[in-house]
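**Student:** Numbering (our numbering), first residue to last: 386 to 514. We put the CB at the ideal spot given by N, CA and C, even for glycine.
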Ligand SMILES: [Zn+2]
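(1) Pull every residue with its beta-carbon under 6 Å away from any heavy atom of ligand 1, and keep them in chain order.
(2) Unbroken alpha helix (DSSP H) runs of length 4 or more, entirely within the region 414-470: which are they?
(3) Using a Cβ-Cβ cutoff of less than 7 Å, which residues in the same chain neighbour residue 449 once the five nearest sequence positions on both sides are dropped?
(4) Would you check if the region 432-441 and the region 470-478 touch, i.e. whether three or more CB-CB distances between them fall below 8 Å?
(5) Measure the alpha-carbon distance for residue 486 versus residue 464 and round it to whole angstroms.
(6) Should the region 425-432 be called in touch with the region 466-475, which here means at least 3 C-beta pairs below 8 Å?
(7) Bridge partners for residue 378 per DSSP, in chain order?
(8) Going by Cα to Cα distance, which pick from 440, 404 and 408 is closest to residue 503?
(9) Compute the beta-carbon to beta-carbon distance between residue 445 and residue 397, rounded to the nearest angstrom, for a pair I have assumed lies under 8 Å.
(10) Please classify residue 467 as buried or exposed, where buried requires at least 16 other C-beta atoms within 10 Å of its C-beta.
(11) Compute the Euclidean distance between the alpha carbons of residue 386 and residue 405, then round it to the nearest angstrom.
(12) For a quick check, are the C-beta atoms of residue 495 and residue 414 less than 7 Å apart?
(13) On the DSSP bridge assignment, give the partners of residue 512 in chain order.
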């Protein structure tokens, strides 16, 4: 196994992915460059899986050191990112709870309007048992 390979087995992932989902996941991660942000929604859409499964896959890759967790603040009025990202939950909960969207200027409650996203720390070649 290559150094940057990650093996998905039926032991580490409870849900069984079909061949097409496996191929899609591997392709997605081949396209991501180190440092890019990975949104669970992308996996959900492209692989046609549930949110729970997407977070499970991303959690596995995080535990193995390929991904870092980040919290992105989105504007609830426009349903898009404000560009504000926290490295960890502690930074988020200890910051001022109300921020202003740089686009529309409306109030954003950062404790309510954040999503867990990931950053690729090193490229990974996903393989299957
Ligand atoms: Zn806004």
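**Tutor:** Reading it off the structure:
(1) 460, 462, 463, 486, 488, 489 and 491
(2) The qualifying runs are 425-432 and 436-448.
(3) 391
(4) no
(5) 11 Å
(6) no
(7) Outside the displayed span of the chain (386 to 514) sits residue 378, for which this structure offers no information.
(8) 440
(9) Confirmed, Cβ separation roughly 6 Å.
(10) buried
(11) Low per-residue confidence applies at residue 386: pLDDT is 49, beneath 50, and the placement is therefore not dependable, though the value from the model is reported in the following sentence. Distance between the alpha carbons of residue 386 and residue 405: 22 Å.
(12) Contact: no.
(13) According to DSSP, residue pairing for residue 512 in a beta bridge involves 392.
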